[in-house]
Amino acid sequence: MNKKPRFILRDIRELNYTREFDAVIIMLNAFGLMSDDDNFTVLKGIARALKRGGKVLIDLRNPEMLKQGRIYKKVEICEGRKVYTKTRYILSEKRVLIFRHYYKGKERQEYCIAIRLYPKDELAELLRGVGLRAVAWYGDFEGNSYDPNTSPRLIVVAEKL
11 MNKKPRFILR DIRELNYTRE FDAVIIMLNA FGLMSDDDNF TVLKGIARAL
61 KRGGKVLIDL RNPEMLKQGR IYKKVEICEG RKVYTKTRYI LSEKRVLIFR
111 HYYKGKERQE YCIAIRLYPK DELAELLRGV GLRAVAWYGD FEGNSYDPNT
161 SPRLIVVAEK L
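Numbering (the working numbering), first residue to last: 11 to 171.
1) Got a sec? Which residues, its chain only, sit under 6 angstroms from Leu67 by beta carbon, not counting five neighbours each side?
2) Are at least three pairs of beta-carbons, each pair with one atom in the segment 67-76 and one in the segment 24-43, less than 8 angstroms apart?
3) Do Ala57 and Leu142 have their CB atoms nearer than 7 angstroms?
4) Return the CA-CA distance between Ala59 and Pro158, expressed in angstroms with no decimal places.
5) Please report the residue range of the alpha helix (DSSP H) in which Phe17 lies.
6) Assign Lys84 to buried or exposed, taking buried as 16 or more other Cβ atoms, counted over all protein chains shown, within 10 Å of its Cβ.
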């Protein structure tokens, strides 16, 4: 297969394709940035857009690590700015809040991102509900198996039935 990938820039909640794609990739928690209803709408759209046997890869942070209190604080230098990052897990909402503070001289910017985190069982159930079946679970980008106690990521590959 020597097909070039087709990249589409659009609001993922408005996918209007039917059996056109071999694969869909959602990276870096993009799936969890929306409401639960929107996330379900996205999965339905992906299932409709995939060809039979097509695959979707969804990359999320491991919610079990965050539940265990393994929330981090980090300071780094990025593009000449000091970046302070702190995360906080809100158990009742299954969301992590990521606070980022950027400093460069007297300039200061602050951002807060809320990401819905899905435990493995809940994500598998959502996938089944739209006609997708989880075929592989990974815990990092090196392809190691998912371990809820040690994996930094929760990466699922699901196939359209």
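Built from N, CA and C at the ideal position, the CB exists for glycine as well.
Let's see:
1) Here residue 67 is taken as the residue at index 57 of the sequence shown, counted from 1. Hits under 6 angstroms: Ile35 and Val167.
2) Counting Cβ pairs under 8 angstroms, three or more are found: they touch.
3) Along the sequence shown, one-based indexing puts residue 57 at 47. Along the sequence shown, one-based indexing puts residue 142 at 132. A contact, by the Cβ cut-off of 7 angstroms.
4) Along the sequence shown, one-based indexing puts residue 59 at 49. Along the sequence shown, one-based indexing puts residue 158 at 148. Cα-Cα distance, rounded: 30 angstroms.
5) Residue 17 sits at position 7 when you count from the first residue of the sequence shown. From DSSP, Phe17 is part of no alpha helix (DSSP H); its letter is neither H nor E.
6) Translated into positions along the sequence shown, residue 84 becomes position 74. So Lys84 ends up on the exposed side.
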